Amino acid sequence: MTDWLHDILSAMSSPGPWRSFRHVFAVSFMEDGKYYLLSALIIWGLLHVLLRRRLAHRVIGGWPTVADLRREITYSISTLCVITALNAGVLALAVSGVVEVYAEPLKHGLPWLLLSLPLMIVWHDFYFYWTHRLLHTGWLFRRVHGVHHRSRNPSPWAAFSFHPAEALVDSLVLPIALFAVPLNEYVVLAFAIHQIVRNTHGHAAVESMPRGFVRHWLGGRFVTTTHHHLHHETGRGNYGLWFTWWDRWCGTEREDYFERFDKATAPRPCA
């Protein structure tokens, strides 16, 4: 078992519920925050700072402003608090035996260990697409999801820039899955890291995929930074998270997606 998770579970088994919760919250916040901070810093530092001039021709809409960065980081801290509190609840359920997060990798067999992560990613994509569509309706968009859409030209820090209510809805994807199936602790960790890295990259405002990627039979199945950036520009279409299939099956993929991707990946103009 990972040391930090063992530390949390031990704390939750000790007397004093409030003391246990504070300890669990602090450790979990630092762990979740560490991965988010590293991912956002690396992607932002590379694409927006170190390679800013070299990649200027790959900027999809425009660079985010300083005000955008401040707002996104502030809401990201709020989102991390929501995620951490929910994680504490999930771990409490695990300690009480209501859900199962197991340490022994082969407890439920090698096939399940290998399949559980890709299945969780597919489930996450399904869950996000439909909750995202719901959040684009009336009051929910104006009062809740609109916070995220204040980033017309998002940065990697926009990945967690949510209203607390939306942060809660998005974070329920793991607890819902755990009520249905057991998951190995390393699968849970890999699932969290995958969504953090791909989410920060998806809000980078700079297209890093090669030219022609979206027209490839395999590459075209994946959501690119351009795909999600176009959603931020207008607030319509391109609702998918990891894959493009729900947008294509439901007719919600933007018609200008290929054109805008081609523009963002055009060869760098000669000096």
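Just add 358 to the spot in the sequence shown (first one is 1) and you have my numbering.
Backbone N, C-alpha and C define an ideal beta-carbon position, used for all residues, glycine too.
All values derive from a computational prediction rather than experimental measurement.
If you compare alpha carbons, which of H506, L576, R626 is closest to A523?
-> H506
Can you tell me the Cβ-Cβ gap for L444 and S529, rounded? I've got them flagged as a contact below 8 Å.
-> 5 Å
Could you tell me whether the Cβ atoms of H559 and T583 are closer together than 8 Å?
-> yes
Please report how far the alpha carbon of E613 lies from the alpha carbon of K621, in whole angstroms.
-> 14 Å
Whole-angstrom distance between A384 and W607, CA atom to CA atom = 42 Å
Among N542, L451, L492, A517, the one whose alpha carbon lies nearest that of L475 | N542
Does DSSP put N511 in a helix, in a strand, or in coil?
-> coil
With 16 other CB atoms within 10 Å as the buried threshold, where does E617 fall?
-> exposed
Skipping 5 residues on each side, what residues in its chain have a beta carbon closer than 6 Å to that of A452?
-> V459
Tell me whether L541 sits in a helix, a strand or coil according to DSSP, three-state version.
-> strand
Rounded to whole angstroms, what's the CA-CA distance from Y597 to H466? Just pull it up for me.
-> 34 Å
Mind checking whether D390 and T432 have CB atoms under 8 Å apart?
-> no
Which residue from F484, A450, Y487, Y615 puts its Cα closest to that of E565?
-> Y615
Quick one, which of G419, L408, N557, L532 has its alpha-carbon nearest M478's?
-> L532
Length of the line joining the Cα atoms of P627 and P568 = 16 Å
Neighbour-count burial assignment, I418, 16 or more Cβ in a 10 Å radius | buried
Any idea if E430 is buried or exposed, counting beta-carbon neighbours within 10 angstroms, 16 or more meaning buried?
-> buried
Could you check if P375 is buried or exposed, using at least 16 other CB atoms within 10 Å of its CB as the buried criterion?
-> With a pLDDT of only 49 at P375, under the threshold of 50, the placement of this residue in the model should not be trusted; the figure read from the coordinates follows. Exposed, by the Cβ-count rule.
Out of curiosity, what's the CA-to-CA distance linking L464 and S386?
-> 25 Å
Supposed contact pair L493 and F499 - C-beta distance, whole angstroms, cut 8 Å | 6 Å
First and last residue of the uninterrupted alpha helix (DSSP H) at N596 | N596 -> no alpha helix (DSSP H), and no H or E assigned at all.
Spatially closest choice to A516 from A414, T423, H574, V448, by CA coordinates = T423
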